[in-house]
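J.:
There are 2 protein chains.
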Amino acid sequence: MYDLFVLGQLMDESMSGYLMRQILQQIVGRQRKISFGMIYPLFKRLNEAGYITLNDQVDVGKRSKKVATITDRGRIRFKELMIQKVPLNPNLEFTYSVKFRNFHQIEPELRREILNEYKNYLLENQKSLSQQIVDMKETPISAPDLKNAQWVISLKQVQMKAALQWVDSSLKKFAE
Amino acid sequence: MYDLFVLGQLMDESMSGYLMRQILQQIVGRQRKISFGMIYPLFKRLNEAGYITLNDQVDVGKRSKKVATITDRGRIRFKELMIQKVPLNPNLEFTYSVKFRNFHQIEPELRREILNEYKNYLLENQKSLSQQIVDMKETPISAPDLKNAQWVISLKQVQMKAALQWVDSSLKKFAE
DNA sequence: TTGATTATATATCAGACTGATATATTGAAG
DNA sequence: CTTCAATATATCAGTCTGATATATAATCAA
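For the protein sequence lines, the chains are A and B, in the order given.
Be aware that the first sequence starts at 1, since it is given in UniProt numbering, and climbs by one per residue.
Be aware that the second sequence starts at 1, since it is given in UniProt numbering, and climbs by one per residue.
(1) In chain A, which residues lie with their C-beta within 7 angstroms of the C-beta of residue 101 of chain B?
(2) Could you tell me if residue 39 of chain B is buried or exposed, where buried requires 16 or more neighbouring beta carbons within 10 angstroms of its beta carbon?
(3) Helix or strand or just coil, what does DSSP make of residue 47 of chain B?
(4) Rounded to whole angstroms, what's the CA-CA distance from residue 3 of chain A to residue 42 of chain A? Just pull it up for me.
(5) Less than 9 angstroms between the beta carbons of residue 88 of chain A and residue 31 of chain B, yes or no?
(6) Decide if residue 163 of chain B is buried, meaning its Cβ has at least 16 other Cβ atoms within 10 Å, or exposed.
(7) Taking the C-alpha atoms as reference points, what is the distance between residue 24 of chain A and residue 72 of chain B?
(8) With a cut-off of 9 angstroms, does the C-beta of residue 155 of chain A fall near any C-beta of chain B?
(9) Can you pull the chain A residues whose beta carbon is under 8 angstroms from the beta carbon of residue 162 of chain B, in chain order?
(10) Using 10 angstroms around the beta-carbon of residue 159 of chain B, count the other beta-carbons present and answer buried if the total reaches 16, otherwise exposed.
(11) Residues of chain B with CB under 7 angstroms from residue 90 of chain A, in chain order?
(12) What is the DSSP secondary structure of residue 66 of chain B, reduced to helix, strand or coil?
(13) Leaving aside the five residues before and after residue 94 of chain B along the sequence, list all residues of the same chain whose C-beta is less than 6 angstroms from its C-beta, in chain order.
(14) Which residues in the same chain as residue 62 of chain A place their Cβ atom closer than 8 angstroms to its Cβ, once the five residues preceding and following it in sequence are excluded?
(15) In the DSSP assignment, what are the bridge partners of residue 53 of chain B?
(16) Give me the DSSP bridge partner(s) of residue 160 of chain A.
(17) Under 7 angstroms Cβ-Cβ, which residues of chain B neighbour residue 168 of chain A?
(18) Determine the closest residue to residue 8 of chain B out of B:79, B:56, B:49 and B:37, with distance taken between C-alpha atoms.
(19) Would you please verify whether the beta carbon of residue 124 of chain B is less than 9 angstroms from any beta carbon of chain A?
(20) On the DSSP letters alone, give me the boundaries of the alpha helix (DSSP H) that residue 8 of chain B sits inside.
(21) Short of 8 angstroms in beta carbon distance, which residues of its chain neighbour residue 129 of chain A, apart from the five on each side in sequence? Order them along the chain.
(22) Can you list the residues of chain B that residue 16 of chain A reaches, using a CB-CB cut of under 7 angstroms?
(23) Terminal residues of the continuous alpha helix (DSSP H) containing residue 84 of chain B?
(24) Can you pull out the residues from the region 34-61 of chain B whose beta carbon lies closer than 8 angstroms to at least one beta carbon of chain A?
(25) To the nearest angstrom, report how far apart residue 122 of chain A and residue 132 of chain B are at their CA atoms.
(26) Can you pull the chain B residues whose beta carbon is under 7 angstroms from the beta carbon of residue 3 of chain A, in chain order?
(27) Could you confirm whether any beta carbon from chain B is found closer than 9 angstroms to the beta carbon of residue 132 of chain A?
(28) Taking only beta-carbon atoms, is residue 26 of chain B less than 9 angstroms away from chain A?
(29) Report the residue from B:145, B:103, B:104 and B:46 whose alpha carbon sits nearest the alpha carbon of residue 106 of chain A.
(30) From B:90, B:67, B:77 and B:29, pick the residue whose C-alpha is nearest to that of residue 51 of chain B; which is it?
(31) Give every residue of the same chain whose Cβ lies closer than 7 angstroms to the Cβ of residue 6 of chain B, excluding the five residues on either side of it in the sequence, and list them in chain order.
(32) Anyone know if the C-beta pair for residue 102 of chain A and residue 148 of chain B falls short of 9 angstroms?
(33) Using a Cβ-Cβ cutoff of less than 7 angstroms, which residues in the same chain neighbour residue 118 of chain A once the five nearest sequence positions on both sides are dropped?
(34) Does any CB atom of chain B fall closer than 9 angstroms to the CB of residue 165 of chain A?
(35) Using CA atoms only, rank isn't needed, just tell me which of B:127, B:136, B:112 and B:138 is closest to residue 176 of chain B.
(36) Within the 9 angstroms Cβ cut-off, does residue 135 of chain A reach chain B?
Right, dumping it as structure tokens:
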């Protein structure tokens, strides 16, 4: 899940798992606790796959640390993950935001593609939310239940709309 | 994670794990695959806690199924979870939406409390996003990197704003 | 100077969720 | 009468979450 984030972060700067966790935690905010039990096994996996190297760095007067550095294969992997379509999974929003964060690493053409892909996802979601309301009216549920369900959907709808406006204004800027 | 959803769903109607999964899948949409490997252990847990009973139901000409029915203790648990403050975890948004869906089961006073709690969460997030931008300007990162990071934050900001408007208009309706 | 606290750094664990697959029964379509 | 879809449950590997444990070094107060 955090593969692309970690590789993107290492593109310009090597760092320890401790610092990687700290930066990631700052980005995701209070809602998710970024855990060492995730970072270190992830580093291990990326290392075994040949995407990063792990080197013991001993600074005088400091405890030693394992510094992760991206390899050439890792840079290719980063590009692959940037090109790859974002899979429909619970981390989709996070994955898009990581891609956006790394826009300065890729060509303008690819940027527009990613933005359009995100736009399509939002449009599909809008369609699916409208459909949900239609479906609910057909299935027999009680009136207050139905009202609440529609109301909850309307929250998602306004958020989708806000995101769409953001994408459209971003696409305009990128066209300039 | 899905405890409140399941109990809320059983408040008016008993059902099998198969149907529960189907309804939940429809609600969460394409982004998350609701798994049997989650539903059945969850039913087992709720059963062992005394919140639901599981009864074999054999309809003629159909294969038998285990139907979950909420108990009195389960109804108390449902109320407890509705009153309980929503914890800061990755499922926060989902938990609020489940609470909203079950508004017809609770008193108007509690509805307003939940909406205000959600509003506070959104306001705190807005503050934290503004702070992130300030912090970024202080730490030395490259210009394009900074620009992208700010741009990503602006997406979250417009979505927070849309949600806040939704909450405020909802609070007005509930005050009528 | 010593003692306590905080920051850096890594490891490990139980519990839970995801996505997938396996298996069995019944109904419907052709 | 056979294939396909729908209903129904079980199980599994891999991964993430939240928490705790451990160790070293720096800082700051008494």
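Using N, Cα and C, we set each Cβ at its ideal position, and we do this for glycine too.
T.: So, from the listed chains and residues:
(1) Annotation: Cβ neighbours of residue 101 of chain B in chain A (cutoff 7 angstroms, chain order): 148, 149 and 152.
(2) buried
(3) helix
(4) 8 angstroms
(5) yes
(6) Buried, by the Cβ-count rule.
(7) 44 angstroms
(8) yes
(9) Under the 8 angstroms cutoff, chain A gives 158, 159, 161 and 162.
(10) buried
(11) 31 and 32
(12) strand
(13) Closer than 6 angstroms at the Cβ level, and outside the excluded window around residue 94 of chain B, lies no residue.
(14) none
(15) Beta-bridge annotation (DSSP): residue 53 of chain B is paired with B:69.
(16) For residue 160 of chain A, which the question treats as bridged, DSSP gives no partner whatsoever.
(17) One finds nothing in chain B with a Cβ atom closer than 7 angstroms to the Cβ of residue 168 of chain A; even the nearest lies about 12 angstroms away.
(18) Closest by alpha carbon: B:79.
(19) yes
(20) 3-10
(21) 153, 156, 157 and 160
(22) By Cβ distance, chain B contributes nothing, its closest Cβ being about 17 angstroms from residue 16 of chain A, past 7 angstroms.
(23) That residue, residue 84 of chain B, is in no alpha helix (DSSP H); it is neither H nor E in DSSP.
(24) Contact annotation: in the region 34-61 of chain B, no residue has its CB less than 8 angstroms from a CB in chain A.
(25) 26 angstroms
(26) None at all; the shortest Cβ gap to chain B is about 18 angstroms.
(27) By this cut-off, residue 132 of chain A is an interface position.
(28) yes
(29) B:145
(30) B:77
(31) 20, 42 and 46
(32) yes
(33) 96 and 167
(34) yes
(35) Minimum Cα distance to residue 176 of chain B is reached at B:112.
(36) yes
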